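Accompanying notes for the structure given below.
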Amino acid sequence: MLRLDGVRIPRFTGMAALALFLVASIGYGAVRGDHVPMIVDTLKDWRDAGANSLGFRIAAVSLSGEKHVGRAEIIAAAGMTGRASLLFLDVEAARSRLKTIPWIADASVRKLFPDRLQIRVREREPFALWQVDGKLALIAADGTVIGPVVDPAFASLPLVVGRGAQTKARDFLALLDRYPSLREQVRGSVLVAERRWNLKLKNNLDIRLPEADVGPALDTLIALDRAKRLISRDILAIDLRLPDRVTVRLSDAAAQAREEARKPPKKKGGDA
39 MLRLDGVRIP RFTGMAALAL FLVASIGYGA VRGDHVPMIV DTLKDWRDAG
89 ANSLGFRIAA VSLSGEKHVG RAEIIAAAGM TGRASLLFLD VEAARSRLKT
139 IPWIADASVR KLFPDRLQIR VREREPFALW QVDGKLALIA ADGTVIGPVV
189 DPAFASLPLV VGRGAQTKAR DFLALLDRYP SLREQVRGSV LVAERRWNLK
239 LKNNLDIRLP EADVGPALDT LIALDRAKRL ISRDILAIDL RLPDRVTVRL
289 SDAAAQAREE ARKPPKKKGG DA
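Quick note on the numbering used here: the sequence shown kicks off at 39 and runs consecutively.
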């Protein structure tokens, strides 16, 4: 033991100080050089390699519930790198990563020691097609954008158009389901200014609905159609936005025919 001005200094103090200085220097260099993530990954690989050598390597993954998401995408999202060990796998982190896949609504990850992993996913059900800014996407009932429309099997889903329509579609389409004779004629439902809906029918007829009391407006429309076959007539638009009146816009041909019908009949010429 060394003495300095009467103070006893342990024999290996200098070595410890040097080691501490070297560790601090390496740590500072790692931070300054943005090498911390690489160092952390390396340490994790060493840790997993040790666990794998003890028999905790993931030998099999049991997967269920997937329909639209590929197995490879699920395995990668769960963190299966080929080096990961079952012992150190963070199942909550794996579950959180799986739920970032738009198709996946929920997931469970379970360890089956010593070397098996069980993954169960619950996918979202495609609910409607959403068009905004000229782009078409597939959405779930809660408005979650699942992805682009690539499968022709989804072409028969109802179409909603406009900004904000994806989050309001479920309630509006549920209301529209109460009028099946009308619903089957609808080509698309258009949300205007994120406040009210217009219906575009398959015969290109526009039906303009009010912001509130949509149900009574649709009741009026159905009653008029039953009495006067309004929907099948040669008209361009039916405006139901005002509660006390219904405004109809005729097509050019129908408007011209109406004007001709209103003209007084021409008098026949006298006998020669």
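All C-beta atoms, glycine included, are put in the ideal place defined by N, C-alpha and C. All values derive from a computational prediction rather than experimental measurement.
| message | According to DSSP, simplified to helix, strand and coil, what is Val-69? | response | Here residue 69 refers to the residue found at position 31 when the sequence shown is read from its first residue. With a pLDDT of only 49 at Val-69, under 50, the local geometry of the prediction cannot be trusted, and the value read off the model is given with reservation. Three-state result, Val-69: helix.
| query | Does the distance from the CB of Leu-10 to the CB of Ala-166 come in under 8 Å? | reply | Residue 10 lies beyond the stretch modelled for the chain, which goes from 39 to 310, so this question has no answer here.
| Taking the alpha-carbon positions, what's the Val-230 to Trp-168 distance? | On the sequence shown, position 192 is the one that residue 230 refers to. On the sequence shown, position 130 is the one that residue 168 refers to. Distance between the alpha carbons of Val-230 and Trp-168: 14 Å.
| query | How should Pro-164 be labelled, buried or exposed, when 16 other C-beta atoms within 10 angstroms of its C-beta is the threshold for buried? | reply | Locating residue 164 in the sequence shown gives position 126, where the first residue counts as 1. So Pro-164 ends up on the buried side.
| request: Take the Cβ of Asp-128 as the centre, count every other Cβ of all protein chains shown within 10 Å, and call the residue buried at 16 or more, exposed below. | output: For the purposes of this step, residue 128 is taken as residue 90 along the sequence shown, with counting starting at 1. Classification for Asp-128: exposed.
| task | Write down the C-beta distance between Ile-96 and Ser-123 rounded to the nearest angstrom, noting that I regard them as a contact closer than 8 Å. | result | Numbered from its first residue, the sequence shown carries residue 96 at position 58. Numbered from its first residue, the sequence shown carries residue 123 at position 85. With a Cβ gap of about 7 Å, Ile-96 and Ser-123 count as contacting.
| field | C-alpha gap between Gly-117 and Val-147, whole angstroms | value | On the sequence shown, residue 117 is found 79 positions in, with the first residue counted as 1. On the sequence shown, residue 147 is found 109 positions in, with the first residue counted as 1. Those two C-alpha atoms are separated by around 11 Å.
| So Ile-112 is in the alpha helix (DSSP H); what residue range does that whole segment cover? | The residue given as residue 112 occupies position 74 in the sequence shown. From DSSP, the alpha helix (DSSP H) with Ile-112 extends over 109 to 115.
| Residue nearest to Arg-162 in terms of C-alpha spacing, selected from Gly-108, Val-199, Ile-112 and Glu-104 | One-based indexing of the sequence shown puts residue 162 at position 124. When each option's Cα is compared against that of Arg-162, the closest is Glu-104.
| request: Would you decide whether Val-286 is buried or exposed? Buried here means 16 or more other CB atoms lie within 10 Å of its CB. | output: Within the sequence shown, the letter at position 248 stands for residue 286. Exposed is the call here.
| If you check the beta carbons only, do Ala-179 and Pro-186 fall under 8 Å apart? | Position 141 of the sequence shown, counted from the first residue, corresponds to residue 179. Position 148 of the sequence shown, counted from the first residue, corresponds to residue 186. It is not a contact, given that the beta carbons lie outside the stated cut-off.
| query | Which same chain residues, not among the five before or five after Ile-113, have their C-beta less than 7 Å away from its C-beta? | reply | Here residue 113 is taken as the residue at index 75 of the sequence shown, counted from 1. Closer than 7 Å at the Cβ level, and outside the excluded window around Ile-113, lie Val-99.
| request: Measure the Cβ-Cβ separation of Pro-140 and Val-183 and say whether it is below 8 Å. | output: Along the sequence shown, read from residue 1 onward, the residue named residue 140 stands at position 102. Along the sequence shown, read from residue 1 onward, the residue named residue 183 stands at position 145. Against a cut-off of 8 Å, the Cβ pair of Val-183 and Pro-140 comes out as a contact.
| said: Between Leu-347 and Ile-269, how many whole angstroms is the CB-CB distance? I'm expecting something under 8 Å. | reply: Because the chain spans 39 through 310 in this model, residue 347 falls outside it and cannot be assessed.
| task | Compare the beta carbon distance of Leu-278 and Ile-245 with 8 Å and say whether it is the shorter of the two. | result | Along the sequence shown, one-based indexing puts residue 278 at 240. Along the sequence shown, one-based indexing puts residue 245 at 207. Yes, Cβ-Cβ distance for Leu-278 and Ile-245 is below 8 Å.
| task | Please state whether DSSP places Pro-313 in a helix, a strand or coil. | result | Beyond the ends of the chain as shown, which are 39 and 310, falls residue 313; an answer cannot be given.
| Cα-Cα separation between Leu-155 and Arg-208, rounded to whole angstroms | Against the sequence shown, residue 155 aligns to sequence position 117. Against the sequence shown, residue 208 aligns to sequence position 170. Spanning the two alpha carbons is a distance of roughly 37 Å.
| task | Please list, in chain order, all residues of the same chain as Val-170 whose beta carbon is under 6 Å from its beta carbon, the five residues on each side excluded. | result | The residue you call residue 170 lines up with position 132 of the sequence shown. Hits under 6 Å: Arg-201.
| said: Suppose you measure from the CA of Ser-227 to the CA of Lys-240; what does that come to, to the nearest Å? | reply: Residue mapping note: residue 227 aligns to position 189 of the sequence shown, counting from 1. Residue mapping note: residue 240 aligns to position 202 of the sequence shown, counting from 1. Looking at the two C-alpha atoms, the distance is approximately 11 Å.
| query | Excluding sequence positions up to five away, which residues of its chain have a Cβ less than 7 Å from the Cβ of Tyr-217? | reply | Here residue 217 corresponds to residue number 179 of the sequence shown, with the count starting at 1. These residues qualify, in order along the chain: Leu-256 and Ile-260.
| field | Closest Cα partner of Phe-151 within the set Ile-273, Leu-274, Arg-160 and Phe-94 | value | For the purposes of this step, residue 151 is taken as the residue at position 113 of the sequence shown. Of the listed residues, the one whose Cα sits closest to Phe-151 is Phe-94.
| message | Restricting to Cα atoms, I'd like to know which of Val-107, Lys-238 and Lys-206 is closest to Ile-142. | response | Taking the first residue of the sequence shown as 1, we reach residue 142 at position 104. The residue with the shortest Cα to Cα distance from Ile-142 is Val-107.
| field | Sequence-distant residues of its chain with Cβ nearer than 6 Å to Gly-181 (five each side left out) | value | Here residue 181 is taken as the residue at index 143 of the sequence shown, counted from 1. Sequence-distant Cβ neighbours of Gly-181 in its own chain, meaning closer than 6 Å and more than five residues away, are Gln-204 and Thr-205.
| message | Rounding to the nearest angstrom, what Cα-Cα distance links Ser-91 and Glu-130 in this structure? | response | Indexing the sequence shown from 1 puts residue 91 at position 53. Indexing the sequence shown from 1 puts residue 130 at position 92. So the alpha carbons of these two residues sit roughly 24 Å apart.
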